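Engineer:
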Amino acid sequence: MEKLIDEVWSLALQRISKKEPPTARPSLGDDIDLYVPQTRALLLMEANPAVASLIYHASYEAANRNAYVILRKLGMPADYFWKFEYWPQERAFEALGKVLNRVFAAMLGQSKEGRLELVEVNAERLRFTVAFADCAECAGVTAGRGLCCFHAAMFAGIIAAAMNKDMDGFETACSAQGDATCTFLIGKRDEPEIGVGVSDYLAPKALELIMADRLNRCLQGHPLRSLGNLVNIGYYQALVTNCVITNPKLFSMSSFNVGVECGAKTAAVITEFYQEHQVEVIKRYYGQLRHLDVRAIAVGDNVDIVLGECAEVAATLKSKELLGFLFGELQGLVSHLINRRMVYTESWFEDTALRVRLSPQV
Amino acid sequence: MNPKLILLMAVLLAGALSFSSLILPGPAASLYTAIMQPLTLFLGFALALRVAFRYKKDLKKSFLFLSLFLLLYALANIHILWVFLYASLGSLTTTIILLLQVTDYAMLLASCVYTLRVIEVKALNRYGWALLGLVFALGVYVVAYEAPALESLSAIPLVALSRLMIRVVDMAVVLMLIPVLLLYLQHSRAKAQESVTFAFIMGGLILSITSTYILQLVLGVSLDTMAREYFQKGSLLDAIYIFGYLLIAAGLYAHSKYDEWGFKAVERALLG
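Below you can see the structure in the form of structure tokens.
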């Protein structure tokens, strides 16, 4: 799974190096609606608030590892920021800002994850404040707390790789809480203030999301940010992988359960929105989200769903552990649409397509 | 261009410039070394001063004291200046020379102290400490090699003591700078890399300081003989001095340009 995340970073680097990678999905394209990654991460966090911490740690490791590799690949010497704590403020801000802008802000901008900007540097204390406008993690979502733990860890990991130090970061302002942009404070891991801030930020807290409202806005095409409502599937793949990487089997199962609930709620919203009550409505729904291409086939009592250009498996890794949520969502959706309790029984790859079998519950 | 490649080219150029002092005929070699030695030290002074303002606190002080050391050292290397001073001031010049030496060494020691405060000596591994122990033993040997006899200490105590002190201070400086090189070597393959340019500067400094003693041990001659017959005569010692000073200057130049070169490397890689 680490390989998949590394591939996402590598493709992002290719995009800013003018080496346009081949399109992963010929008809749906490389972007996906923001709603898809948001439901995957946020609903898991809502069901189990400890997930935030798991996403954070996985994302930090991935960002740290990949940022280091990318900087070396680009020919930046490992001692570029040598003794950064002795740099005058102006030099520190300018040098780090240039690297962040040219490499990482460009990558995040290309993938439409958001607009990264270095706001403040305290070189002596190795403290950094970054702003992330149009954040894909929380755009259009309302919550009572900062939600963007994936990006908090990513920025901490990137700066840690540049500084060759162990860093941590947490969100000090979040668009989900009504702030203008998401803002993150990053500092040395062994500093008490940073440690306390991160612990508090990642502490399991109840989260109440109104995803039905978010889904309605998504279907109606309300513009949520200046970058548009789409984001590169690489971001989605990295996020999903980070959600399950700690314990793929366990998290795939819990994602499945969350997906079942989500599917049932989604069915109610989409039947009303599309004014269509047949199982075929899921094709319109997934198509609009640019998530996947769906075909439902009745096989006796079973319903087979053939998934093409599935965002989760568009990369080289065809891991079913990444699909737990989707399998659950399909079970919930189809059961609700055909008004019969169906259960996911098996799935298999047919060339590039994935066939999911739902059978009546015995 | 890759900063490491630039440094490699600088080493080759420094090698060629220092080798020139060996192939030039006698008087030309003397003139060449008499010009090159103070010139390269002046260059080092200007660059160290420039680098100092790229930092703050202890690292700034380290480079500031280094620049002052190089400036005074450059003055000490202008042979014609001292000939002129002897002619006009007579024996007072000896006092001036002594004062200059003391001040110059004070600058170098101060620079070393601030360097030690910045680098993480505690991070040295056991091989590093073992090598440092070896250098210490070598330093003791160098100090003891031409230690003044009791008779000379009582006859001309100032001269004998100042020579002894210079040897002691030189060895102390080398011991203080060696960790920079060891840390660089230790971390060069690891993630937490030390500065290649900083190690380069310190390497040049160590080479300049130790070359006299190493050559003295190899040739088996006294320091007086070396000063009379080897200094600014187009000798191997002169070539090593020029090489060492050029290494310091190249390291300082690369250090001052590091941000620019590093970012240009990124730009070039991104533009394909």
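The listed protein sequences correspond, in order, to chains A and B. The opening position of the first sequence corresponds to residue 1 in our numbering, with each subsequent residue numbered one higher. The opening position of the second sequence corresponds to residue 1 in our numbering, with each subsequent residue numbered one higher. Every residue, glycine too, gets a C-beta built ideally from N, C-alpha and C. Computed from a predicted structure; not experimentally measured.
(1) Under 8 Å, CB to CB, which of the residues in the stretch 21 to 50 of chain B have a partner in chain A?
(2) Buried or exposed for Tyr141 of chain B, going by 16 or more other Cβ atoms inside 10 Å?
(3) On a CA-only basis, which of B:Phe53, B:Pro3, B:Leu39, B:Asn2 is nearest Leu17 of chain B? Give me that one, please.
(4) Answer yes or no: does any C-beta atom of chain A fall closer than 8 Å to that of Asn2 of chain B?
(5) What does the alpha-carbon distance come out to for the pair Glu7 of chain A and Thr33 of chain B?
(6) Among B:Leu99, B:Ile78, B:Leu7, B:Tyr213, which residue has its Cα nearest to the Cα of Ser30 of chain B?
(7) Ordered along the chain, which non-local residues of its own chain (more than five positions away) have a Cβ less than 7 Å from that of Ala147 of chain B?
(8) Would Trp348 of chain A be called buried (16 or more neighbouring beta carbons within 10 Å of its own) or exposed?
(9) Give a yes or no on whether 8 Å exceeds the smallest Cβ distance from Arg54 of chain B to chain A.
(10) Take Leu22 of chain B as the anchor and find which of B:Ile242, B:Lys61, B:His255, B:Ala76 has the nearest alpha-carbon.
(11) Compare the C-alpha of Gly169 of chain A against each of A:Asp200, A:Gly140, A:Ala176, A:Ala139 and name the closest.
(12) Residues bridged to Ala296 of chain A by DSSP?
(13) What ranges does the alpha helix (DSSP H) occupy inside the stretch 232 to 281 of chain A, keeping only unbroken runs of at least 4 residues that lie completely in it?
(14) Do we get a CB-CB distance below 8 Å when we pair Ala160 of chain B with the residues of chain A?
(15) Which residue's Cα is closest to the Cα of Ala156 of chain A: A:Gly144, A:Thr181, A:Leu118?
(16) What's the call for Ala227 of chain B, buried or exposed, on a 16-neighbour Cβ count within 10 Å?
(17) For Lys112 of chain A, decide whether its Cβ has a neighbour in chain B, counting only Cβ atoms nearer than 8 Å.
(18) Using C-beta distances below 7 Å, list every residue in its chain close to Gly251 of chain B, excluding the 5 sequence neighbours before and after it, in chain order.
(19) Could you tell me which uninterrupted alpha helix (DSSP H) segments, each at least 4 residues in length, are contained entirely in the stretch 142 to 189 of chain A, listed from first to last along the chain?
(20) When we look at the beta-carbon of Ala249 of chain B and count the other beta-carbons within 10 Å, is it buried (16 or more) or exposed?
(21) Mind checking which residues open and close the beta strand (DSSP E) that includes Leu53 of chain B?
(22) Is DSSP giving Ile119 of chain B helix, strand or coil here?
(23) Beta carbon of Leu177 of chain B: closer than 7 Å to some heavy atom of the ligand FMN?
(24) Candidates A:Lys83, A:Ile270, A:Gly178, A:Ile158: which alpha carbon is nearest Asn101 of chain A's?
(25) Would you identify the three-state DSSP class for Val113 of chain B, choosing helix, strand or coil?
(26) Run down chain A in chain order and give the residues with a C-beta less than 8 Å from the C-beta of Ser195 of chain B.
(27) Given a cut-off of 8 Å on the beta-carbon distance, is the pair Ile55 of chain A and Cys243 of chain A in contact?
(28) What residues in the stretch 224 to 243 of chain B have a beta carbon less than 7 Å from any beta carbon of chain A?
(29) List, in order along the chain, the chain A residues whose C-beta lies closer than 9 Å to that of Phe263 of chain B?
(30) Give the interface partners of Trp87 of chain A over in chain B, defined as CB-CB distance under 8 Å, in chain order.
(31) Mind listing the chain B neighbours of Ile16 of chain A? Cutoff is C-beta to C-beta under 9 Å, in chain order.
(32) Taking 8 Å as the threshold, find out whether the stretch 322 to 333 of chain A comes into contact with the stretch 249 to 267 of chain A through three or more Cβ pairs.
(33) On the three-pair Cβ rule with 8 Å, is the stretch 103 to 114 of chain B touching the stretch 57 to 72 of chain B?
(34) Given that a residue counts as buried once 16 or more other Cβ atoms are within 10 Å of its Cβ, and exposed if not, what is Glu120 of chain A?
(35) Give me the Cα-Cα distance between Ala62 of chain A and Ala160 of chain A, rounded to the nearest whole angstrom.
(36) For Ser347 of chain A, write down the residues that DSSP places opposite it in a beta bridge.
Structural biologist: In short, the structure shows the following:
(1) none
(2) exposed
(3) B:Leu39
(4) yes
(5) Straight-line Cα distance between these residues: approximately 57 Å.
(6) B:Ile78
(7) So the qualifying residues of the chain are Leu164.
(8) exposed
(9) yes
(10) B:Ile242
(11) A:Asp200
(12) A:Ile305
(13) The alpha helix (DSSP H) runs lying completely inside the stretch 232 to 281 of chain A and spanning 4 residues or more are 233 to 244, 248 to 274, given in chain order.
(14) no
(15) A:Leu118
(16) Burial call: exposed.
(17) no
(18) The residues are Thr197, Phe200, Ile201, Gly204.
(19) Counting whole runs of 4 or more residues, the stretch 142 to 189 of chain A contains the alpha helix (DSSP H) stretches 149 to 163.
(20) buried
(21) This sequence places Phe at residue 53 of chain B; Leu is not what is there. Unbroken run through Phe53 of chain B: none, as it is neither H nor E.
(22) coil
(23) The ligand content of the structure shown is nil, which means the ligand FMN is not present either.
(24) A:Ile158
(25) Note: Val113 of chain B maps to helix in three-state DSSP.
(26) Asp79, Trp82, Lys83
(27) yes
(28) none
(29) Near Phe263 of chain B (Cβ distances below 9 Å), the residues of chain A are Met76, Tyr80, Ala95, Lys98, Val99, Arg102.
(30) Arg54, Tyr55, Lys56
(31) Leu270
(32) yes
(33) yes
(34) Burial call: exposed.
(35) 12 Å
(36) A:Val356
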